[in-house]
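So in UniProt numbering, the last one in the sequence shown is 242, and the numbering has no gaps at all.
Since the structure comes first, as structure tokens, the remarks are kept for the end.
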Amino acid sequence: MIVIKIGGSIITDKSMYKKFNGQIVENIVKTLKRIDKQMVIIHGGGSFGHIKSKEYGLPGQVSERTMEGMNIVHNDMAELDLKISKIFQENKIYNISLPVSSLVYNNKKNYNIFSKYLELGITPISYGDTYIHGNEIGIYSGDNIAYDISKILHPEFVIFFSDVDGIFDKNPKNNPDAKLLKTISTDFQYDTINPDVTGGIMNKYNKMKLISDIGIPVYLINGLYPERIYNIGKDNFTGTVV
1 MIVIKIGGSI ITDKSMYKKF NGQIVENIVK TLKRIDKQMV IIHGGGSFGH
51 IKSKEYGLPG QVSERTMEGM NIVHNDMAEL DLKISKIFQE NKIYNISLPV
101 SSLVYNNKKN YNIFSKYLEL GITPISYGDT YIHGNEIGIY SGDNIAYDIS
151 KILHPEFVIF FSDVDGIFDK NPKNNPDAKL LKTISTDFQY DTINPDVTGG
201 IMNKYNKMKL ISDIGIPVYL INGLYPERIY NIGKDNFTGT VV
């Protein structure tokens, strides 16, 4: 069994509210179909989640404003998830959506149902969403879910599909001379420009490192080239291993 996290930067245009990149998702799903492994799928929100979260001050204290934002973001994320679920279904990867808002409350988490669906050959799909944390309406990211699932189910490996070729020594979107780091064995840090509400690249790296620390290989791959998954463990692999 493997865990696949599909980033919101790949499945949506983050600059346009609810702009879905359906063909990219289709390409990823067809690629995953060919590897013939049990999977847990997790996806981010992109422009279905981040734009309205910022507009309504999420995460934030419970108020009329944040409750309205919670409702909008939750419904938008369910809409995005339905689009993704249908693409998996059309490719005969039968699945069930498990929103994290029903799985996480404060610091209490219950992912037991994932194992039951996997036993039946059904692919669980979860995604970043709003949730209640104390007196706040929080945002529980897909990266957090990937870490939680990895601790509980101990997958063979975890793949993060993003919109970059891997982790670089500096931000490649602002620095043309940035170098791809094939492997990362020591801590690194670079400043991010306009990080999204779930923390940007450093939060992603930190979650990947936490997963790696429990003995599970983690790969960051460009989701525009999902076929690179076939080269994992080979010399010609393009991506970052943490």
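Backbone N, C-alpha and C define an ideal beta-carbon position, used for all residues, glycine too.
| Item | Value |
| --- | --- |
| Please return the same chain residues whose Cβ sits closer than 6 Å to the Cβ of G44, not counting the five positions on each side in sequence. | G7, G8, G128, G142 |
| When you compare only the Cα positions, how much space is there between P124 and N95? | 6 Å |
| State the beta-bridge partners of K5 as determined by DSSP. | I42, F160 |
| Ignore the nearest five residues each way along the sequence and tell me which others in N106's own chain have a CB closer than 8 Å to its CB. | I132, H133, G134 |
| On the DSSP bridge assignment, give the partners of S97 in chain order. | I125 |
| Rounding to the nearest angstrom, what Cα-Cα distance links F168 and I214 in this structure? | 23 Å |
| Just how far apart, CA to CA, sit P155 and D235? | 23 Å |
| By Cβ distance below 8 Å, which residues in the same chain neighbour K109 in space, the five residues on each side in sequence not counted? | L103, D148 |
| Determine the direct distance from the alpha carbon of D163 to that of Y225, and round the result to whole angstroms. | 10 Å |
| With DSSP run on the structure shown, which of helix, strand or coil describes L181? | strand |
| Using CA atoms only, rank isn't needed, just tell me which of T130, S15, Q38, N206 is closest to M70. | T130 |
| Using only CA atoms, which one of D177, Y140, Y230, Y117 lies nearest to N203? | Y140 |
| Going by beta-carbon coordinates alone, are S63 and D13 separated by less than 8 Å? | no |
| According to the Cβ coordinates, are I87 and V25 closer than 8 Å? | yes |
| For I51, I'd like the list of residues in its chain whose CB is within less than 6 Å of its CB, leaving aside the five on either flank, ordered along the chain. | Y17 |
| Kindly indicate the opening and closing residues of the beta strand (DSSP E) around Y140. | 136-140 |
| Among I113, L120, I84, S126, which one has its Cα closest to the Cα of S101? | S126 |
| Rounded to a whole number of angstroms, what is the C-alpha to C-alpha distance between Q61 and I137? | 6 Å |
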